[in-house]
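Just so you know, we're using the working numbering here: the sequence shown kicks off at 27 and counts up by one. Every residue gets a Cβ at the ideal spot worked out from N, C-alpha and C, and that includes glycine.
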Amino acid sequence: MRVALVQVASPPEEPPAERRERVAAMVAQARGADLVVLPELWAAGYFAFDRYTERSETLAGPTVTAAREWARELDAYVHAGSIVERDDTGRLFNTAVLIAPDGQIAHTYRKVHVFGYASREAELLTPGDTLDVCATPFGPVGATTCYDLRFPELWRDLVDRGAQTVVVPAAWPEARREHWRLFTTCRAVEEQVLLIACNAVGVQHGGVVLGGHSRVVDPWGTVLAEAGTAEGVTFCEIDPAVVGKVRAEFPVLADRRWPHAGQSREVRRS
27 MRVALVQVAS PPEEPPAERR ERVAAMVAQA RGADLVVLPE LWAAGYFAFD RYTERSETLA
87 GPTVTAAREW ARELDAYVHA GSIVERDDTG RLFNTAVLIA PDGQIAHTYR KVHVFGYASR
147 EAELLTPGDT LDVCATPFGP VGATTCYDLR FPELWRDLVD RGAQTVVVPA AWPEARREHW
207 RLFTTCRAVE EQVLLIACNA VGVQHGGVVL GGHSRVVDPW GTVLAEAGTA EGVTFCEIDP
267 AVVGKVRAEF PVLADRRWPH AGQSREVRRS
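So this is what it looks like as structure tokens:
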């Protein structure tokens, strides 16, 4: 299985429509990949908080529509990163979208842990409240987004739902790059999953520099690919079967004794 990580910058002066055209050319370079992954809120710009409302869109909006066309053209799965999704009531969500090769939406995920530290995301967006896994030819795939990396209980829930690969679009700042490396490796190892994380790059509103270093990490913690800090496409060959092999050889998930997977979580006190 071939994965393409498309690191995108979202300069404040660039309109989203022009950015989609530019990114289309980058995505075209990913031809031959089975899965193409983009970052979090690359079209709207993560730190463009004052423009979230005007740049919000539905799942039938321009960003997902473009991604559906890219998937058909490439005959590949395209994880479109995430969009500022607007629902029928006007609420806004940070929604990740996976498109199948036929152009149909295969999976969506509304970010559960919206970010509040030096960010207005938690003020402006509604947290998601559902979690599920999508069947694909390369196994069950789940998704989390950026800040979700800091919440292992969410990841364990994904594993209990069958996830073997987890895709993570992000807009993770350069200032906390080592946290990015730590958490992407840690989540892959503790949950015994293939972790495919695509981060944004460049300077956004407020002068925040995004860290790049998109990466693919296997269940042993081996970094199979890591990009730098520039825009571009990074390819990685992976074997989805490694998840089953690692879980069989080192059955840490099967060895769990603390309540999990729907069991009671009551703690006995003496």
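A direct Cα-Cα distance of roughly 12 Å separates Tyr-135 from Val-192. If you keep only unbroken beta strand (DSSP E) runs of at least 3 residues inside the region 45–91, you get 61–63. When secondary structure is reduced to three states using DSSP, His-231 falls in the helix class.
Annotated as distal: Thr-84 and Asn-120, with beta-carbon spacing of 8 Å or more. Taking C-beta atoms as the reference points, Phe-261 and Leu-150 fail to come closer than 8 Å. According to DSSP, Arg-28 shares a beta bridge with Glu-263. For Phe-209, the enclosing alpha helix (DSSP H) starts and ends at 203–217. In the DSSP assignment, Pro-127 falls outside any beta strand (DSSP E), carrying neither H nor E. If the five residues before and after Glu-216 are omitted, its C-beta is found closer than 7 Å to the C-beta atoms of Pro-178, all from its own chain and listed in chain order. In the three-state scheme derived from DSSP, where H, G and I count as helix and E and B as strand, Leu-220 is classed as strand. Fewer than three Cβ pairs drawn from the region 139–159 and the region 124–131 lie within less than 8 Å of each other, which leaves the two stretches out of contact.
Judged by DSSP secondary structure, Leu-184 falls within the alpha helix (DSSP H) whose first and last residues are 178–186. The Cβ atoms of Ala-196 and Glu-66 sit closer than 8 Å to each other. In the DSSP annotation of this structure, the continuous segment of the beta strand (DSSP E) that includes Leu-250 starts and ends at 249–252. Taking all protein chains shown into account, Thr-210 has 16 or more neighbouring C-beta atoms within 10 Å of its C-beta and is therefore buried.
Contact between Val-185 and Leu-250 is absent: CB atoms are separated by about 20 Å, not below the 8 Å threshold.
Counting C-beta atoms within 10 angstroms of its own C-beta, Thr-79 has fewer than 16 neighbours from the protein chains shown and is therefore classed as exposed. The beta carbons of Arg-202 and His-239 sit about 11 Å from each other, so the pair does not count as a contact at 8 Å. Excluding the 5 residues flanking it on each side, Gly-254 has same chain C-beta neighbours closer than 8 Å at Gly-238 and His-239, in chain order. DSSP places Ala-93 in the helix class (H, G or I) of the three-state scheme.
Using a 10 angstroms sphere on the CB of Phe-276, the tally of other CB atoms stays under 16, which defines it as exposed.
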